[in-house]
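K.L.:
Residue numbers (this note's numbering): 1 to 213. Note that the Cβ used here is the ideal one computed from N, Cα and C, for glycine as well.
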């Protein structure tokens, strides 16, 4: 009986969505961001900034409160670094894809314009590619390389402040905290097959332009 009822749950949810939309103001939207890495992520990326984009649905749930489910994609430039006093050159490629939701508190009570604060949570997956190359010969005829790919799933949490210019345009500053893998110092100096890694903390400061329709 449970199995037969479970088959109708997706249909029930689909049926409730139009009803929810009729009762609650709903706005679809998107965002683009400039991502400035902080903390350990800044060190591992040599301070290089990234770009992000997201798809969002904003639903009013109260006089001051809005809930905003979101899908995110963030990409950082390739970081290349020559390890001091060695022949090793390391390259890192980082990008992430995630999903979650923000809770927005609009100080004016409408959310159509004015200042608001936000808190969010969700889950993301880091896609990381490390390459360690031993340039022991100047003409690179004897170079050796080691590659490691790490796809870590991590929860994320965010805090931020925004300003809604009008119904369609807004600006935000948000800090997103998550975790990722990085090569250990031993892995960068004496690679043996797969590059060993350790868990690190990522703080991503985002400067965001949002759009709603």
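Might you give, ordered along the chain, the residues of its own chain that have their beta carbon closer than 6 Å to the beta carbon of residue 155, omitting 5 neighbours on each side?
P.N.:
Excluding residues within five positions, the ones whose Cβ falls inside 6 Å are 123.
K.L.:
Out of 201, 43, 34, point me to the one whose CA is closest to residue 214's CA.
P.N.:
Outside the displayed range of the chain (1 to 213) lies residue 214, so it cannot be described from this structure.
K.L.:
Would you call the CB atoms of residue 180 and residue 152 closer than 7 Å?
P.N.:
yes
K.L.:
Within 10 angstroms of the Cβ of residue 97, are there 16 or more other Cβ atoms? Answer buried if so, exposed if not.
P.N.:
Residue 97 should be labelled exposed.
K.L.:
Nearest to residue 45 by alpha carbon, out of 77, 58, 55?
P.N.:
77
K.L.:
Which two residues bound the contiguous alpha helix (DSSP H) that contains residue 42?
P.N.:
39-44
K.L.:
Who are the Cβ neighbours of residue 115 in its own chain at under 7 Å, not counting the five residues just before and after it?
P.N.:
Excluding positions up to five away in sequence, the list reads 107, 163.
K.L.:
Run the CB neighbour count on residue 161, radius 10 Å, all protein chains shown included, and call it buried at 16 or more, exposed below.
P.N.:
exposed
K.L.:
Count the other CB atoms, across all protein chains shown, that sit within 10 Å of the CB of residue 21; report buried if there are 16 or more and exposed otherwise.
P.N.:
Residue placement at residue 21 cannot be trusted, given a pLDDT of 45 that sits under 50; what the coordinates show is reported in the next sentence. With fewer than 16 Cβ atoms within 10 Å of its Cβ, residue 21 is classed as exposed.
K.L.:
Residue 67 and residue 53 - do their beta-carbons sit closer together than 7 Å?
P.N.:
no
K.L.:
I need the straight-line Cα distance from residue 209 to residue 173, nearest angstrom please.
P.N.:
Whole-angstrom Cα-Cα distance: 9 Å.
K.L.:
Taking only the alpha-carbon atoms, compute the straight-line gap between residue 88 and residue 100 and give it to the nearest angstrom.
P.N.:
39 Å
K.L.:
Between the C-alpha atoms of residue 133 and residue 90, what's the straight-line distance to the nearest angstrom?
P.N.:
6 Å
K.L.:
Is DSSP giving residue 63 helix, strand or coil here?
P.N.:
Residue state, collapsed to three classes: coil.
K.L.:
Using only CA atoms, which one of 129, 166, 28, 200 lies nearest to residue 42?
P.N.:
200
K.L.:
I need the DSSP call for residue 110, collapsed to helix, strand or coil.
P.N.:
coil
K.L.:
Taking the beta strand (DSSP E) that residue 167 falls in, what are its first and last residues?
P.N.:
It is not in any beta strand (DSSP E) - residue 167 carries neither H nor E in the DSSP assignment.
K.L.:
So, for residue 69: in the same chain, excluding its five sequence neighbours on each side, which residues have a beta-carbon less than 6 Å away from its beta-carbon?
P.N.:
57, 101
K.L.:
What number of angstroms, rounded off, separates the C-alpha of residue 47 from the C-alpha of residue 212?
P.N.:
31 Å
K.L.:
So, are the CB atoms of residue 71 and residue 51 less than 7 Å apart?
P.N.:
no
K.L.:
What three-state label does DSSP hand residue 47 in the structure shown?
P.N.:
coil
K.L.:
Are residue 169 and residue 203 touching if we call contact CB-CB under 7 Å?
P.N.:
no
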